[in-house]
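*Asks:* Provided herewith is a single structure, encoded as structure tokens, for subsequent inquiry.
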């Protein structure tokens, strides 16, 4: 919001849902994220856990990769 703009961070945890991506996504993958008007490349430093898209419950700890249709908690580094 205008009263609480995003702040700079060295890393952050995000819940990521992969909608449509060819192949697997593993640690080290670096997509460009959009936050308001900013476009920032953020590296998947560590995929912490795979979780159910609907309930949010953990289904797998420290997965090697995620694919289309998966939801995961990921440590991202800008």
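In full-length UniProt numbering, the protein residues as written are 1 to 78.
Even for Gly, the Cβ is constructed at its ideal location relative to N, Cα and C.
To the nearest angstrom, how far is the alpha carbon of residue 59 from that of residue 69?
*Replies:* For this step, residue 59 is matched to residue 59 along the chain shown. For this step, residue 69 is matched to residue 69 along the chain shown. Cα to Cα, the separation comes out at about 14 Å.
*Asks:* With distances taken between CB atoms, is the gap from residue 11 to residue 62 smaller than 8 Å?
*Replies:* If you number the chain shown from 1, residue 11 lands on position 11. If you number the chain shown from 1, residue 62 lands on position 62. For residue 11 and residue 62, no; Cβs fall outside 8 Å.
*Asks:* Distance, Cα to Cα, residue 52 vs residue 15?
*Replies:* Within the chain shown, the letter at position 52 stands for residue 52. Within the chain shown, the letter at position 15 stands for residue 15. Computed Cα separation, rounded: 11 Å.
*Asks:* Residue 18 by DSSP, collapsed to three states: which one?
*Replies:* Working through the chain shown from its first residue, we reach residue 18 at position 18. Reduced to three states, the DSSP call for residue 18 is coil.
*Asks:* Can you list, in chain order, the residues of its chain with a C-beta nearer than 7 Å to that of residue 34? Leave out the 5 residues immediately preceding and following it.
*Replies:* By 1-based counting over the chain shown, the position of residue 34 is 34. Correct list: empty, nothing qualifies.
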